[in-house]
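Read through the structure below, which is laid out as C-alpha cells, and then see the notes.
Numbering (UniProt numbering), first residue to last: 1 to 118.
If you want it as C-alpha cells, here you go:
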C-alpha cells in the first residue's frame, strides 16, 4: 500500500467490514428459522435432501462471513494504528522489535488528516 492509495485501501477495508457485519446477522436469522423447519420437514416427509442443500450453502456462507469479519476487523485495526503513527507496513515489518518513530509522524489527528484529507 503506497502513499497515494492508502485512503482508498482503508476505505475498501471499512466497506468490506461493514458489508460483512450486515451479512452476518441476516445469515444468522435465516439459519435460526430454517434449521428447525428443514429438520421437521425431513422427519415428516420423504426424507428429501433438497432443503438441506440450501441450508448447507447458508451455513457455509455464515462460517465464511464470520471468519472474514473477525480477520478484517483485526486487519483494519492494524492499518488504523499504522495511520495514527504514520508508518507504512514495510516500515513496521522492517523495524519489528525495535523502538521506531517515523520522522514524518505528527499527532494522530494530523496523521489521519494527512491520509484522508479531512
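For every residue, glycine included, the Cβ atom is placed at its ideal position computed from N, Cα and C. These figures come from a predicted structure and were not determined experimentally.
Rounded C-beta distance between residue 86 and residue 102? I'm assuming under 8 Å.
5 Å
Contact check, residue 59 vs residue 31 under 8 Å by CB: the rounded distance?
Confirmed, about 6 Å.
Have a look at 78, 43 and 104 and flag the residue whose alpha-carbon is nearest the alpha-carbon of residue 9.
78
For my contact list, residue 65 and residue 27 are in at a C-beta cut-off of 8 Å; report their separation, rounded to the angstrom.
6 Å
With distance defined between alpha-carbon atoms, name the residue in 96, 82 and 92 nearest to residue 114.
82
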